[in-house]
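Trainee: Could you have a look at this structure, given as structure tokens, before my questions?
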Amino acid sequence: MNTGQQASIIARTPPMGWNSWNTFGANIDVQILYETIESILDTGLQEAGYEYVVLDDFWQADERVDGRLMWDHEKFPDGIKPLSDYVHSRGLKFGIYSCAGSYTCGGKPGSFGHEEVDAQTFADWGVDFLKYDYCHVPPGVDCVALYQRMGQALRSTRRPILFSICEWGHHQPWEWGARVGGHIWRTTGDINDCWESILDIGFNRQVSLEAYAGIGRWNDPDMLVVGMYGKGNEEVAQGGCTLAEYRSHFVLWCLLAAPLIIGCDVRNMDQATNDILCNHDLISINQDLLGCQGFRVGEMVHANEVAQVWAKPLLDGSIAVGLFNLGQRDNRLISVAWESLGLSSDRLCCVIDLCSSDELGVFRGVFSTYVESHDVAAVRLIPQYE
Ligand code: GLA
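Take the sequence shown: its letter number 120 is residue 147 in this note's numbering, and every next letter is one higher.
Next up, the structure:
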């Protein structure tokens with residue numbers, strides 16, 4: 028049950044959950060969702076903080092009934108409300124998908140011109156999260172006005188519903204997303220399960236967006252592809268990544284204070300994927316209550332090989348730092364100087380490894396470490412008071 032208190036803190040920290048799109052695309056049904064929910068509970072994902080189960084596109088029938096969106100009866104014979112009730116009975120929250128245009132990206136009925144009735148339908152079904160896409164918008168219609176309309180319709184239901192704006196960053200939603208009631212907004216097009224996509228969306232396209240994020244308002248660089256290994260919805264699963272690449276992807280999303288929405292098939296997740304997704308120290312960085320999105324501190328290019336350092340200030344005064352080797356060569360020495368983080372160079376800092384929780388020692392002025400190709404060293408710098 029949602030209380031008034033929860034209503035005031037939607038997305039206090041970046042939302043965490045699972046979404047059907049990356050793995051299942053159009054082939055999603057109630058059985059897969061039930062199995063996924065069991066796995067979220069059994070594998071420790073719920074305990075780690077993942078709470079939203081989001082049903083993406085292709086849940087709908089081809090036509091409205093009495094003006095209301097209708098579910099696909101083959102995929103969801105009992106409808107959506109019993110599914111939502113079941114999600115809640117397992118201590119999780121339920122998300123659904125619609126679109127600001129006349130049709131969804133998958134060609135199902137969209138919410139254009141039906142915003143109020145659809146928002147009320149979702150509230151009646153107990154929806155806690157609406158992902159709202161941007162396909163098939165009639166020409167000449169203003170993008171911001173459409174999101175404003177659905178944001179208002181959701182608020183009018185008086186149910187606390189996280190509003191996820193998905194117009195792929197085309198109209199700079201970081202500038203107006205929070206104003207129209209959005210809690211998260213996609214900053215780019217769809218992520219693919221390959222290193223090039225992580226490089227482009229994560230390492231290139233999030234630079235300078237940190238000023239727009241904060242408590243209740245987060246930039247969304249799209250869902251996690253961690254653990255897909257090239258399997259799933261073929262629009263997303265393009266070749267797959269190595270474990271090091273998935274680790275870098277997850278560390279960067281944690282530093283970016285990005286929504287952590289899992290996209291792999293959690294029913295068949297391997298241990299290495301589970302370990303990355305449930306890493307308590309990294310999740311704490313993402314969920315830190317200061318609500319500060321990390322930023323790129325610097326980029327070092329040597330013989331065409333790129334390394335980057337990203338940092339995220341934390342509530343307790345410590346700083347999370349990711350040292351990423353984006354190049355092909357192993358054993359790259361990457362450094363972070365205190366001065367680049369606004370710390371005085373004679374300051375002592377205790378350095379903790381965020382992947383192993385090991386204390387690496389106390390350092391003055393700079394920390395350097397060797398990092399393998401496409402991998403990351405993630406550390407927390409704790410300034411010492413001498
Ligand atoms: C768009 C979105 C995706 C997904 C699909 C569904 O491409 O960006 O995340 O929701 O639509 O059709």
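The beta-carbon is built from N, C-alpha and C at its ideal position, and this holds for glycine as well. Just so we're clear, the structure is a prediction, and the values are computed from it rather than from any experiment.
(1) State the Cα-Cα distance for the pair Leu-119 and Asn-306, rounded to the nearest angstrom.
(2) Return the bridge partner residues of Leu-157 from the DSSP annotation.
(3) Could you check whether the Cβ of Thr-131 sits closer than 8 angstroms to any heavy atom belonging to the ligand GTP?
(4) Helix, strand or coil: which one does DSSP assign to Asp-3?
(5) Less than 9 angstroms between the beta carbons of Ile-225 and Cys-268, yes or no?
(6) Is the separation between the beta-carbon of Asn-301 and that of Thr-50 shorter than 9 angstroms?
(7) State the beta-bridge partners of Asn-352 as determined by DSSP.
(8) Which residue from Gln-147, Val-324, Cys-170 and Phe-190 puts its Cα closest to that of Leu-157?
(9) With which residues is Cys-376 paired in a DSSP beta bridge?
(10) For Gly-9 and Ala-205, I'd like the C-alpha separation in whole angstroms.
(11) Suppose only complete runs of 3+ residues qualify. What are the beta strand (DSSP E) ranges in the segment 268 to 301, listed by chain order?
(12) Assess, as a yes-or-no matter, whether the segment 79 to 92 is touched by the segment 347 to 367 under the definition of 3 or more beta carbon pairs within less than 8 angstroms.
(13) According to the neighbour-count rule (16 or more other Cβ atoms, all chains shown, within 10 Å of its Cβ), is Arg-185 buried or exposed?
(14) For Gln-355, which residues of its own chain have a beta-carbon under 6 angstroms away from its beta-carbon, when the five flanking residues on both sides are left out?
(15) Name the DSSP bridge partner or partners of Gln-87?
(16) Where in the segment 190 to 229 do unbroken runs of the beta strand (DSSP E), each at least 3 residues long, occur, reported from the N-terminal end onward?
(17) Taking just the CA atoms, how far does Gln-175 sit from Gly-167?
(18) Rounding to the nearest angstrom, what Cα-Cα distance links Pro-109 and His-115 in this structure?
(19) Helix, strand or coil for Glu-326, going by three-state DSSP, please let me know.
(20) Hey, quick one: how far does the beta strand (DSSP E) through Asn-358 stretch, first residue to last?
(21) Compare the beta carbon distance of Gly-318 and Trp-337 with 9 angstroms and say whether it is the shorter of the two.
(22) Assign Gln-335 to one of two classes, buried (16 or more other C-beta atoms within 10 Å of its C-beta) or exposed (fewer than that).
(23) Let me check one thing: in DSSP terms, what residues is Arg-244 bridge-paired to?
(24) Which word fits Leu-342, buried or exposed, when buried means at least 16 other C-beta atoms lie within 10 angstroms of its C-beta?
(25) Looking at the structure shown, is Met-177 part of a helix, part of a strand, or coil, going by DSSP?
(26) According to the Cβ coordinates, are Trp-203 and Thr-214 closer than 9 angstroms?
(27) Can you tell me whether Gln-87 is buried or exposed? The criterion is at least 16 other CB atoms within 10 Å of its CB, across all chains shown.
(28) Between which residues of its own chain and Tyr-161 is the CB-CB distance below 6 angstroms, once the five residues before and five after are set aside?
(29) Within 10 angstroms of its Cβ, does Arg-95 collect 16 or more other Cβ (buried), or is it exposed?
(30) May I ask you to check if the CB of Trp-419 is nearer than 8 angstroms to at least one heavy atom of the ligand GLA?
(31) Here's a check: name, in chain order, each residue in its chain whose Cβ is nearer than 6 angstroms to the Cβ of Gly-254, leaving out the five neighbours to either side.
(32) Does the distance between the C-beta of Phe-85 and the nearest non-hydrogen atom of the ligand GLA fall short of 8 angstroms?
(33) Report whether the distance from the Cβ of Tyr-79 to the nearest heavy atom of the ligand GLA is below 8 angstroms.
(34) What residue does the beta strand (DSSP E) around Asn-46 start on, and which one ends it?
(35) In the DSSP output, which residue or residues are listed as bridge partners for Tyr-256?
Mentor: On the basis of the supplied data:
(1) 20 angstroms
(2) Ile-123 and Phe-190
(3) Inclusion of the ligand GTP in the displayed structure is not the case, the ligand content consisting of the ligand GLA alone.
(4) Residue coverage of the chain in this structure runs from 28 to 413, which leaves residue 3 outside it and unanswerable.
(5) Contact flag set, yes.
(6) no
(7) Ala-334
(8) Phe-190
(9) Phe-390 and Pro-410
(10) Since the first residue of the chain shown is 28 and the last is 413, residue 9 is not available in this structure.
(11) 287 to 289
(12) no
(13) exposed
(14) Exclusion of the five residues before and after Gln-355 leaves Ser-400 as the residues of its chain whose Cβ lies within less than 6 angstroms of its Cβ.
(15) Trp-98
(16) 211 to 213
(17) 16 angstroms
(18) Taking the straight line from one Cα to the other gives about 10 angstroms.
(19) strand
(20) That residue, Asn-358, is in no beta strand (DSSP E); it is neither H nor E in DSSP.
(21) Taking 9 angstroms as the Cβ cut-off, Gly-318 and Trp-337 do not qualify as a contacting pair.
(22) Answer is buried; the Cβ neighbour count reaches 16.
(23) Gly-241
(24) exposed
(25) helix
(26) No, the pair does not count as a contact, with Cβ atoms beyond the cut-off.
(27) buried
(28) Ala-127 and Glu-194
(29) exposed
(30) Since the displayed the chain opens at 28 and closes at 413, residue 419 lies outside it and no answer follows.
(31) Cys-291, Met-296 and Thr-300
(32) yes
(33) Short note on Tyr-79: C-beta not closer than 8 angstroms to any heavy atom of the ligand GLA.
(34) 43 to 46
(35) For Tyr-256, which the question treats as bridged, DSSP gives no partner whatsoever.
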